[in-house]
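S.K.: Residue numbers (the working numbering), protein chains in the order written: chain A, 290 to 405; chain B, 14 to 169. Glycine included, each C-beta is placed from N, C-alpha and C at the ideal position. Because the structure is a prediction, the values reported are computed rather than measured.
Here it is, written out as structure tokens:
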């Protein structure tokens with residue numbers, strides 16, 4: 290399952306792919322609809338969609354000539370797993386260092402001079 | 014005074030700096046002594062570290078297990094690579110959520126800075142994509158917000 294998190298991380302490494310996921314969180318969209326807000330070509334969007342599809346973050350269905358995309362049922366779980374890691378890293382650092390400041394203040398009260 | 018900075022270097026480095034109002038020996042000790050780590054290295058409020066193994070010598074094991082009141086938990090494992098008390102630590106770590114995250118190699122230095130200590134933590138992620146994902150998801154923003162809050166607290 291290590292490979293699973295790696296794939297999620299790689300898929301999310303690109304800002305366009307994150308924007309696509311944000312758009313799809315609001316509902317299904319066709320490639321044409323996804324191209325509109327981004328100033329990049331349809332083939333480039335299609336390449337991003339392929340990466341997201343292979344990472345299991347989106348699924349596509351066939352609707353005549355279109356292949357609309359939507360978030361995969363497993364996407365929230367995959368993103369939650371990543372969120373847990375990243376949020377812990379970020380908030381953990383903030384809060385931990387505040388706590389360390391307090392601990393150091395107890396160990397070394399201001400004004401105390403340590404002998405070299 | 015103790016504002017955290019975070020910047021990237023090259024493709025795979027993340028560098029975090031933080032100043033502490035205590036000498037290097039104290040800050041170093043707080044990073045390797047289990048009884049001290051268990052008091053501060055807890056992440057968000059509400060978490061405890063019931064298991065803390067930290068053996069600061071080359072090859073020595075690291076294992077931190079965190080738990081919250083609802084019984085949720087996860088753990089981190091790692092190994093020390095270089096230990097030069099009280100100024101430098103190099104270790105490798107990974108989180109288990111329960112799947113292990115990519116290995117993060119961390120070099121931490123503690124340098125005397127006036128009557129305090131400047132800590133520089135250099136993380137090396139396996140590749141540019143892993144680092145990009147880690148940063149892009151708002152790690153830097155979140156840390157900055159946290160420290161702005163700390164600034165307000167210290168200005169009161």
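Below 8 Å, can you find three or more Cβ-Cβ pairs linking the region 348–365 of chain A to the region 302–315 of chain A?
M.R.: These segments touch.
S.K.: From the DSSP secondary-structure annotation, give me the bridge partner or partners of residue 20 (chain B).
M.R.: As a working mapping, residue 20 (chain B) is identified with position 7 in the second chain. Its beta-bridge partners are B:28.
S.K.: Helix, strand or coil, according to DSSP, for residue 135 (chain B) in the structure here?
M.R.: For this step, residue 135 (chain B) is matched to residue 122 along the second chain. Residue 135 (chain B) falls in the strand class under three-state DSSP.
S.K.: Is the Cβ of residue 389 (chain A) closer than 8 Å to any Cβ of chain B?
M.R.: Translated into the one-based positions of the first chain, residue 389 (chain A) becomes position 100. For residue 389 (chain A), the answer is yes, since a Cβ of chain B falls inside 8 Å of its Cβ.
S.K.: 8 Å is my cut-off, CB to CB: does residue 384 (chain A) come that close to chain B?
M.R.: Working through the first chain from its first residue, we reach residue 384 (chain A) at position 95. In terms of beta-carbon proximity, residue 384 (chain A) lines the interface with chain B, with at least one pair separated by less than 8 Å.
S.K.: Taking 7 Å as the limit between beta carbons, can you name the residues of its chain near residue 22 (chain B), skipping five residues before and five after?
M.R.: In the second chain, residue 22 (chain B) corresponds to position 9, counting from 1. So the list reads 28, once near-sequence residues are dropped.
S.K.: Does the beta-carbon distance from residue 388 (chain A) to residue 53 (chain B) come in below 8 Å?
M.R.: Looking up residue 388 (chain A) in the first chain gives position 99. Looking up residue 53 (chain B) in the second chain gives position 40. At a Cβ-Cβ threshold of 8 Å, residue 388 (chain A) and residue 53 (chain B) count as neighbours.
S.K.: Tell me which residues of the region 94–122 of chain B have at least one Cβ-Cβ distance to chain A shorter than 7 Å, keeping chain order.
M.R.: 108, 110, 112, 113, 114 and 115
S.K.: For residue 126 (chain B), which residues does DSSP report across the bridge?
M.R.: Here residue 126 (chain B) is taken as the residue at index 113 of the second chain, counted from 1. Per DSSP, B:129.
S.K.: By the three-class DSSP mapping on this structure, what secondary structure does residue 307 (chain A) have?
M.R.: Locating residue 307 (chain A) in the first chain gives position 18, where the first residue counts as 1. It is helical.
S.K.: Can you list the residues of chain A that residue 131 (chain B) reaches, using a CB-CB cut of under 9 Å?
M.R.: Your numbering for residue 131 (chain B) matches position 118 in the second chain. Ordered by position in chain A, no residue passes the 9 Å Cβ test against residue 131 (chain B), which lies about 13 Å from the chain.
S.K.: Buried or exposed: which applies to residue 66 (chain B), given that a residue is buried once 16 or more other Cβ atoms fall within 10 Å of its Cβ?
M.R.: For this step, residue 66 (chain B) is matched to residue 53 along the second chain. Burial call: exposed.
S.K.: Which term fits residue 42 (chain B), buried or exposed, when burial requires 16 or more other beta carbons within 10 angstroms of its beta carbon?
M.R.: The residue you call residue 42 (chain B) lines up with position 29 of the second chain. Buried is the call here.
S.K.: Assuming contact is defined by CB atoms lying nearer than 8 Å, are residue 135 (chain B) and residue 26 (chain B) in contact in what I supplied?
M.R.: Walking along the second chain from the start, residue 135 (chain B) turns up at place 122. Walking along the second chain from the start, residue 26 (chain B) turns up at place 13. Contact flag set, yes.
S.K.: Indicate the three-state DSSP secondary structure (helix, strand or coil) for residue 61 (chain B) in the structure shown.
M.R.: What you label residue 61 (chain B) is simply residue 48 of the second chain in a count that begins at 1. Looking at residue 61 (chain B) - three-state DSSP - the assignment turns out to be strand.
S.K.: Are there 16 or more other CB atoms within 10 angstroms of the CB of residue 351 (chain A), so buried, or fewer, so exposed?
M.R.: Counted from its first residue, the first chain places residue 351 (chain A) at position 62. Exposed, because fewer than 16 other Cβ atoms sit within 10 Å of the Cβ of residue 351 (chain A).
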